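The block underneath contains the structure these notes are about, expressed in structure tokens.
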Amino acid sequence: MDPMILSELTGNVASVGYGLAAIGPGIGIGIIVGKTAEATARQPELRGQLQSTMFIGIAFTEILTLLAIVTGLLFG
């Protein structure tokens, strides 16, 4: 097989993998923010605690995303 075609295929597969690595955390962050909004609507006095917990959850989700992308770059 021509090396040029093989490199193009590898690049396309990698870009699809990066896209999939971004979709999951995007959905996760949407769920986290939505549930925090629901909880704030139910108990507005806990807004500060809920927001800090939400930001911690978002940070963990983003770290997992970066870990997936860096792992793909290292082993790809």
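Last residue of the sequence shown: 76 (the UniProt record's numbering), numbering continuous.
Don't be surprised by glycine CBs; every beta carbon is placed ideally from N, CA and C.
As the structure is a computational prediction, the values presented were derived from the model and not from experiment.
Range of the contiguous alpha helix (DSSP H) that encloses residue i
i, result
"LEU64", "47-75"
7 Å CB neighbourhood of residue i in its chain, flanking five on each side removed
i, result
"THR65", "ALA21, ALA22, PRO25"
"LEU50", "THR36, ALA39, THR40"
Cβ-Cβ separation, residue j to residue i (assumed contact under 8 Å), whole Å
i, j, result
"ILE29", "ILE63", "12 Å between Cβ atoms; not a contact."
Buried versus exposed call for residue i [16 or more other C-beta atoms within 10 Å across all chains shown]
i, result
"ILE27", "exposed"
Neighbourhood of residue i by C-beta distance below 8 Å, restricted to the same chain and skipping five residues each side
i, result
"TYR18", "ILE69, GLY72"
"MET54", "ILE32, VAL33, THR36"
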